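Here is the structure we will look at.
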Amino acid sequence: MKSGELENVEIRLLLEGVHQIYGYDFRDYADASIKRRLTHWLAESEFDTFSQAQSLLLRDRSVFESLLRGITVNVTEMFRDPAFFRAIREQVVPFLKTYPFVKIWHAGCATGEEAYSMAILLNEEGMAGRYRMYATDINETVLQKAGEGVMPITEMQRFTRNYQKAGGTASFADYYTARYDRAMLSSALKKDIVFAPHNLAVDGEFGEMNLVLCRNVMIYFKPALKERCLSLFDSSLLPGGFLCLGLKETLEKKKMGERYEELAPTLRIYRKRYG
Amino acid sequence: MRSWRPPCVSTESVMARLFRAVVVGVSTGGVNALQKLLGQLPADFRLPILIVQHIGPEAGSGLAKLLDDRCALRVKEADEQDEVLPGTVYLAPPNYHLLVEQGGFLSLSEDPHVSFARPSVDVLFESAAEVFGAELVGIVLTGANFDGSRGLKTIKQKGGVAIVQDPADAEASQMPQAAMAATDVDYVVALDGMAALLQNLAPGRAARQHKERGRNG
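For the record, the sequence lines run as chains A and B.
Count along the first sequence from 1, add 148, and you get the number used in this note's numbering.
Count along the second sequence from 1, add 1249, and you get the number used in this note's numbering.
Dropping the structure here:
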């Protein structure tokens, strides 16, 4: 057997063990990228092979936690894809305003930058106190960071530029306090967000949502797991609710696609049809 | 390493092989290079071509459209879960890595930059080598960095074919030079001869029929 194939077997065995022992299911993650991440983790670890690492990984939770940090991607920024947030402000918020109270599920929120961006946007549109946002992620370490809302000050210039391009109506500096090399987001942004653990591969739906965001999370999943997520979002959304995907993701060729209309096709904002 | 100029005498060991895909990595000077290379390929070139062109994160999808307008082949920006189809050119979207999955589907990732780039040539090459093995052609074109050299080495290790643009012919010579330093390259070719080389490696339908008639007759 070639070494590459051997490694693939080792990876399958490891992911199976991780699933059985820790309940984290990475078996339906797209092979190419998870293999890259696992190989990267292995190279930085003290182990030579996955078989060698497996013994400790399955027994010592702290070793598993380091693996988990390595294989869950946490790339995010505030007002990432400014055109998307502008479209939310201009095309989605007018609908949301017609409800006395709206519920939002942000699946795969990582360190929370996009959730806070949404809070800023909704507050500027006069919806403060009229929404609750459930921001979830599989990785509890990043959720804790998300709850703290502290970011490197060096990022603020880029975030400010995004905020302006996204149609921000105030001054971005009003939303954080700078101290040394950190920026702390204002607590007014935090009070309507609930950060909670949720695993898209095994956990259930969130009821009666008006807006579900899941951007650039499902790109790492195999088709079957993608379908599982989409049906989860579908059953969470109220008729007339909105589904937002990453810019390179689409409902085309997906089972539930016909129940949705494209509100902003290139920005992947979909609206669930009535009836 | 062989220098190659058209018209070519086929080296049977390589020519007789069947390939399933071509991967291309290119950086500085890439827009011109890709127009030239793809522009010279006929509509019946049967291999899928997967391309990483280094590009800014907010570049939009203008390059795919420009190339599509000027080439006989269909050029598109890769969407996640695209099936790799013959005679189609897939460009990595700005700010995403492009990868090949088992079964010949494309996937995208936002993993950290590799070789200072996203999309990274190494990421595409390494994942394609994993899936296509020896049935893969890897090409490194002009560029002012070293992305692609590790990936081209992996392609060679899996038995694939490595082609590098002649550094003297490249707008920026570092990337071809780094690739040549990293691995034993099969062909070093000027851009003008590259389309002909590819057609020799993977003859189109008309050329294949002609060849077969010649053999049988």
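For glycine and all other residues, C-beta sits at the position ideal for the given N, C-alpha and C.
Nothing here was measured: the structure is a model prediction, and the numbers come from that model.
Would you say residue i lies against chain B (beta-carbon separation less than 9 Å)?
i	result
Gly-105(A)	There is simply no residue 105(A) to check, as chain A begins at 149 and stops at 423 in what is shown.
Phe-233(A)	no
Ser-181(A)	yes
Pro-300(A)	no
Arg-185(A)	yes
Asn-364(A)	yes
Ala-326(A)	no
So with Cβ pairs under 9 Å, would you call residue i a contact of chain A?
i	result
Pro-1255(B)	Because Pro-1255(B) carries a pLDDT of 45, less than 50, the predicted location of this residue cannot be relied on, and no value is offered for it.
Ser-1364(B)	no
Glu-1384(B)	no
Asp-1328(B)	yes
Leu-1357(B)	yes
Leu-1348(B)	yes
Gln-1351(B)	yes
Ser-1376(B)	yes
Lys-1407(B)	yes
Asp-1360(B)	yes
Looking at the strands, I want to know which residues DSSP matches up with residue i.
i	result
His-346(A)	Per DSSP, none; premise fails for His-346(A).
Lys-1325(B)	Tyr-1339(B)
Met-357(A)	Leu-385(A)
Glu-1379(B)	Paired residues: none, contrary to the question.
Cys-392(A)	Leu-361(A) and Ile-417(A)
Met-299(A)	Ala-331(A)
Closer than 7 Å by C-beta to residue i: which residues in its own chain qualify, once you throw out the five before and the five after it? Chain order, please.
i	result
Arg-1254(B)	Reliability of the predicted coordinates at Arg-1254(B) is poor, the pLDDT of 49 falling under 50, and the value obtained from them is presented with this limitation in mind. Result list for Arg-1254(B): Gly-1442, in chain order.
Val-1258(B)	Because Val-1258(B) sits at a pLDDT of 41, beneath the cut-off of 50, its placement in the model cannot be relied upon, and the following sentence gives the value as read from the coordinates. Correct list: empty, nothing qualifies.
Leu-1401(B)	Phe-1374, Gly-1387, Val-1389, Ala-1411, Ala-1428, Ala-1431 and Thr-1432
Apart from the five residues just before and just after residue i, which ones in its own chain have a Cβ nearer than 8 Å to its Cβ?
i	result
Gly-1309(B)	Pro-1343
Thr-414(A)	Leu-395
Lys-313(A)	Phe-227, Pro-230, Ala-231 and Arg-234
Arg-407(A)	Asp-382, Lys-420 and Arg-421
Decide if residue i is buried, meaning its Cβ has at least 16 other Cβ atoms within 10 Å, or exposed.
i	result
Ser-1358(B)	buried
Ser-1356(B)	buried
Val-1410(B)	buried
Asp-1371(B)	buried
Asp-351(A)	exposed
Asp-322(A)	exposed
Gln-1406(B)	exposed
Glu-400(A)	exposed
Phe-1365(B)	exposed
His-1362(B)	exposed
Looking only at its own chain, which residues have a Cβ that is under 6 Å from the Cβ of residue i, when we skip the five neighbours before and after it?
i	result
Thr-1337(B)	Pro-1297 and Arg-1323
Val-1273(B)	Ile-1300 and Ile-1388
Arg-160(A)	none
Tyr-311(A)	Phe-227 and Phe-320
Inset, instruction - Examine the Cβ distances between the stretch 240-251 of chain A and the stretch 355-370 of chain A and report whether three or more of them are shorter than 8 Å. - result: yes
Inset, instruction - Decide if the stretch 335-343 of chain A is in contact with the stretch 194-209 of chain A; the criterion is three or more beta carbon pairs, one per stretch, under 8 Å apart. - result: no
Inset, instruction - Examine the Cβ distances between the stretch 1278-1298 of chain B and the stretch 1391-1406 of chain B and report whether three or more of them are shorter than 8 Å. - result: yes
Inset, instruction - Would you be able to state if there are at least three C-beta pairs under 8 Å between the stretch 176-186 of chain A and the stretch 1334-1353 of chain B? - result: yes
Inset, instruction - Examine the Cβ distances between the stretch 271-279 of chain A and the stretch 328-342 of chain A and report whether three or more of them are shorter than 8 Å. - result: yes
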